[in-house]
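What follows is a single structure, written as structure tokens, with notes after it.
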Amino acid sequence: MHKTLQPSLRRRALVLAASAALAAPFAAQAQSNEDIVIGGSIPMTGVFAFAGVGINAGMADYVKMVNDAGGIKGRKLRYVPEDTGYKVDVSVAAYKKITSQNKVNLYYGDSTGFAKTINPELDRSGQILMAGASFATELNDPAKFPNQFLVGPDYTEQIGILLKHIAKEKPGAKVAFVYSDSEFGRDPIEASEAAAKKLGLTVPVKLMTPAGSVDVSTEVIKLRRAAPDYTIFHGYILAPIPEFVQQGKQMGMTSKWMGTFWTMDSSTVMKMGEGADGFMGVMPYRYYYDTSAKAPMLDKIRALRPEYQSTAYTQGFLTAMLFTEAAKRTLEAGKPLDGKNLKAALNTIKDFDTGGLIGTPITISGNSIPVGRVYKADMKAQKMVPASDWINLSK
Amino acid sequence: MRIGTLKESYIADAALFDSRTQKTWLAIGAALLLLFPFVASDYWLYLACLVAINVASASGLNILTGYTGLVSLGQAAFMGLGAYTVAILETRLGTHFLLNLLAGGTVAMLGGLIVGIPSLRVKGLYLAIATIAASFITHFLFANLKLTGGTTGLSVPPAQFFGLPLDTSFRLYWVIVPVMLLMVLGAANLFRTRVGRAFIAIRDRDISAEVLGIPLLRYKLLSFGLSSFYAGVAGGLWAYFFRVVTPESFPLLMSIFFLAAIIVGGMGSILGGILGAIFMTMVPELLKLIVDLLPGGTEMTVFLSPVRTVVFGLLIVGFLVFEPHGLAEVWRRTRRFFHLWPFRN
């Protein structure tokens, strides 16, 4: 019995091996012609939908541009978004759904919570490079988050850019921090206070308000007492910033008011009303209507979409651009598209021209792009106008 | 058709599963649960685990709100207590995950006992507002204590089972689903005991219950304790499942989610808690799958996403209006129909 079985087994093994060898080149070919998939947990509904819709459009537009131009080394990009409602569990479900239906190489995550939750899974699978809507300082650590990066400066770096501008404009100035009692709000405060001191600035007051608070009159009085030259808001989108600015001005405060990325979209700042004329903030990207310098990529966007596009759109667009660049460099090096190779390729980006989306060449040596510019609201023109040159913290 | 279910003893009458048909279906259900991980994709396994965690927590809330009549909006806070306990024990001491889950349940139970004290004086909406305090207090503690890692929270290493890290949905399924089943079975059995019946008496009229000799203090607190123990264990499972616990992981909205789940499913019914949790977790996902089937690609997704949310809301309202006894009642009616089928329909 044994003797008769063995040759048949061997024969079967040989047949299997032969067919595998025959099929192997086809498999390799299929692999090389496979689409490069960009998955996305995108908040198209919920509290973050105002940004999610823009992010989605930006990513989709760039992917279309690349595909129309022939793809990357003959391979097409495929963008697979899924709505998350800005909830971590739904976001993870979206990730699982997209990754089980597609061979995903690149992914866009919608929140800090999601970025932290999915990180062990990214490390375990080792197949995906991820970026997203979060600029959390915690994520700017290549050792802890080896398969992720931030498409801009982290929150501490954003305030760092503002502080650098302040130190230049008014050495020794008094800077107040007003922030929300949330992970997002508290994120950069401690490190930024130290950075301010290093730059010779003083921090007379730090005010933490409950997330979503509207009545801030007691905080405004405290702020007025500290008489800062600059007040930096962080951890909010809009409310309660207009209340602070209006009440502060009514009380005769002379402080200049500043915000960070998620407050600084043109449409958000314009909602603050006439009283917020001169409101400043850090922006890593050039605004849609900023024609102060040559920006061929922005020209393309303007031709594609004649109406104003938010900074969230630019963020999505730039994310897709950097994803594409990382994929292109990985393929050019003849390496498979996995998390490690994609990240390594991303980190080879040096003095890269974003087509004017960022007004200065960028270098990604770690997990962030520590570059930004201070813009100022011109309420009459209903536009944000540059108030500084591009500031690069790594230089 | 269902025939021959004549009961000859009280024990047989009180049995959880009383007919052969029921036992057959249970066996089929168990076989499907066993088979499921081997055929399902990672996405469906993830959803199965999430549903199981939500079923466990909703069953706990059902003990308190559905059976004892005490409305609570603190379920998420108790889950948070359980999750943080598990996270702290796992990161600091590295004790066995089953022990951590029990500890998580116990800590949440202690929290529940404290929060339950006002239930002796206030009922209904007033109690619901009193339990909201639990959400705010726990959120404040989680965000400000060093032990809990502040606003950044804690990262939880995977649970270990004889050296095997439980780091995928497939592996965790074998922990989460059995624990959930055990908890649901426990809850179902509870209402065959003196304690469970005392809860029901309190729900129906607490003054009469006291006249009957049921000490309200003890039983109301016991109900709070049990319910939050369930929440704590579910929170512990949540911590192992998501591996990151932050103060923002357990918002007040989550408590409302569980309350909605037992209302939609059917209050005062174990099956109601299960069906409600499945409905609340799965319907948004199923609606997404339906939207995916429609032509139009990405543009359509953007347009239909808000529509989907509205449809989900309308479905909940629809259930409340047309079936106030919840999904469990729909299920019961369906079953009753088959009792005499095909002779009467």
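Protein chains in written order, with the working numbering: chain E, 0 to 394; chain D, 3 to 347. We treat Cβ as the ideally placed atom computed from N, Cα and C, and that holds for glycine. The model shown is predicted, which means the values in this text are computed figures rather than measured ones.
Just verifying my parser: in three-state terms, what is the DSSP assignment at residue i?
{"i": "Tyr312(E)", "result": "helix"}
{"i": "Phe25(E)", "result": "Because the pLDDT of Phe25(E) is 40, which lies under 50, any placement of that residue in the model is unreliable, and the question is left without a value."}
{"i": "Ala17(E)", "result": "Only weak support is given to the placement of Ala17(E): the predicted model assigns it a pLDDT of 45, under 50, and the question is left unresolved by the model."}
{"i": "Gln5(E)", "result": "The predicted position of Gln5(E) is uncertain, since its pLDDT is 48 and thus under 50; a value taken from the coordinates is nonetheless stated next. Looking at Gln5(E) - three-state DSSP - the assignment turns out to be helix."}
{"i": "Ser271(D)", "result": "coil"}
{"i": "Gly277(E)", "result": "coil"}
{"i": "Ala79(D)", "result": "helix"}
{"i": "Gly328(D)", "result": "coil"}
{"i": "Thr362(E)", "result": "coil"}
{"i": "Leu176(D)", "result": "Position check: residue 176(D) holds Trp in this sequence, whereas Leu was assumed. Three-state DSSP puts Trp176(D) in a helix."}
{"i": "Trp333(D)", "result": "helix"}
{"i": "Asn104(E)", "result": "strand"}
{"i": "Leu317(D)", "result": "helix"}
{"i": "Lys270(E)", "result": "coil"}
{"i": "Gln162(D)", "result": "strand"}
{"i": "Ala170(D)", "result": "The question names Ala, yet the displayed sequence has Thr at residue 170(D). Thr170(D): coil per DSSP, three-state reduction."}
{"i": "Met43(E)", "result": "coil"}
{"i": "Phe252(D)", "result": "coil"}
{"i": "Glu349(E)", "result": "Checking the sequence shown, residue 349(E) turns out to be Lys, not Glu. Lys349(E) falls in the coil class under three-state DSSP."}
{"i": "Met282(E)", "result": "strand"}
{"i": "Leu122(D)", "result": "helix"}
{"i": "Arg10(E)", "result": "For Arg10(E), the pLDDT reaches just 48, beneath the cut-off of 50, and the residue's location in the model is therefore unreliable, leaving the point undetermined."}
{"i": "Gln30(E)", "result": "Bear in mind that a pLDDT of 45 at Gln30(E), under 50, signals an unreliable position, so the model cannot answer this."}
{"i": "Met129(E)", "result": "strand"}
{"i": "Phe176(E)", "result": "strand"}
Have a look at residue i and residue j and give me their C-alpha separation to the nearest angstrom.
{"i": "Asp169(D)", "j": "Pro145(E)", "result": "18 Å"}
{"i": "Thr217(E)", "j": "Pro239(E)", "result": "13 Å"}
{"i": "Arg205(D)", "j": "Gly62(D)", "result": "16 Å"}
{"i": "Ala78(D)", "j": "Leu218(D)", "result": "25 Å"}
{"i": "Thr336(D)", "j": "Met284(D)", "result": "21 Å"}
{"i": "Leu222(E)", "j": "Ala130(D)", "result": "37 Å"}
{"i": "Ala189(D)", "j": "Gly113(D)", "result": "20 Å"}
Is residue i close to chain D? Criterion is C-beta to C-beta, closer than 9 Å.
{"i": "Met129(E)", "result": "no"}
{"i": "Lys293(E)", "result": "no"}
{"i": "Val36(E)", "result": "no"}
{"i": "Lys205(E)", "result": "no"}
{"i": "Arg304(E)", "result": "no"}
{"i": "Thr44(E)", "result": "yes"}
{"i": "Pro145(E)", "result": "no"}
{"i": "Asn55(E)", "result": "yes"}
{"i": "Pro119(E)", "result": "yes"}
{"i": "Lys115(E)", "result": "yes"}
{"i": "Pro80(E)", "result": "yes"}
{"i": "Glu137(E)", "result": "yes"}
{"i": "Ala48(E)", "result": "yes"}
For residue i and chain E, any beta-carbon pair shorter than 9 Å?
{"i": "Glu92(D)", "result": "no"}
{"i": "Phe244(D)", "result": "yes"}
{"i": "Ala145(D)", "result": "yes"}
{"i": "Ser257(D)", "result": "no"}
{"i": "Arg205(D)", "result": "no"}
{"i": "Arg173(D)", "result": "no"}
{"i": "Asp169(D)", "result": "yes"}
{"i": "Thr311(D)", "result": "yes"}
{"i": "Ser137(D)", "result": "no"}
{"i": "Ser157(D)", "result": "yes"}
Using a Cβ cut-off of 9 Å, pull out every chain D residue sitting near residue i, in sequence order please.
{"i": "Thr323(E)", "result": "Neighbours of Thr323(E) on chain D: none; closest Cβ ~17 Å, over 9 Å."}
{"i": "Arg77(E)", "result": "Those within 9 Å of Arg77(E) in chain D number zero; the least Cβ separation is about 11 Å."}
How would you list, in chain order, the residues of chain D whose beta-carbon sits under 8 Å from the beta-carbon of residue i?
{"i": "Val177(E)", "result": "Residues of chain D passing the Cβ test: none, with the nearest at roughly 16 Å."}
{"i": "Gly112(E)", "result": "Val246, Thr248, Glu250 and Ser251"}
{"i": "Ser181(E)", "result": "Thr153 and Glu250"}
{"i": "Val52(E)", "result": "Val304"}
Closer than 7 Å by beta-carbon distance: list the chain E residues that pair up with residue i, in chain order.
{"i": "Lys148(D)", "result": "The contacting residues do not exist; Lys148(D) stays about 14 Å from chain E at best."}
{"i": "Pro308(D)", "result": "Thr44"}
Taking C-beta pairs closer than 8 Å, name the residues in chain B that residue i reaches, listed in chain order.
{"i": "Asp44(D)", "result": "Here the protein chains are E and D, and chain B is not one of them."}
Could you name the residues of chain E that residue i contacts, counting a contact when the two beta carbons are closer than 9 Å?
{"i": "Pro39(D)", "result": "Near Pro39(D) there are no residues of chain E at all, since even the closest Cβ is about 13 Å away, more than 9 Å."}
Which chain D residues sit within Cβ distance under 7 Å of residue i?
{"i": "Arg123(E)", "result": "Asp169"}
TODO: Mind checking the region 84-108 of chain E against chain D and listing, in chain order, the residues whose C-beta falls within less than 8 Å of any C-beta there?
DONE: Against chain D - using a Cβ distance shorter than 8 Å - the residues of the region 84-108 of chain E are Gly84, Val87, Asp88, Val89, Val91, Ala92, Lys95, Lys96, Thr98, Ser99 and Gln100.
Task: Positions along the region 13-28 of chain D whose CB lies within less than 7 Å of some CB in chain E - done: none
Open item on the list: Tell me which residues of the region 48-64 of chain D have at least one Cβ-Cβ distance to chain E shorter than 7 Å, keeping chain order.
Closed with: Tyr48, Leu49 and Leu52
Task: Interfacial residues, the region 285-297 of chain D to chain E, with Cβ spacing under 8 Å - done: Pro286, Glu287 and Lys290
- [ ] Can you give me, in chain order, the residues of the region 173-189 of chain D that have a beta carbon less than 9 Å from any beta carbon in chain E?
- [x] none
Task: Near-chain D residues of the region 206-232 of chain E - C-beta to any C-beta below 7 Å - done: none
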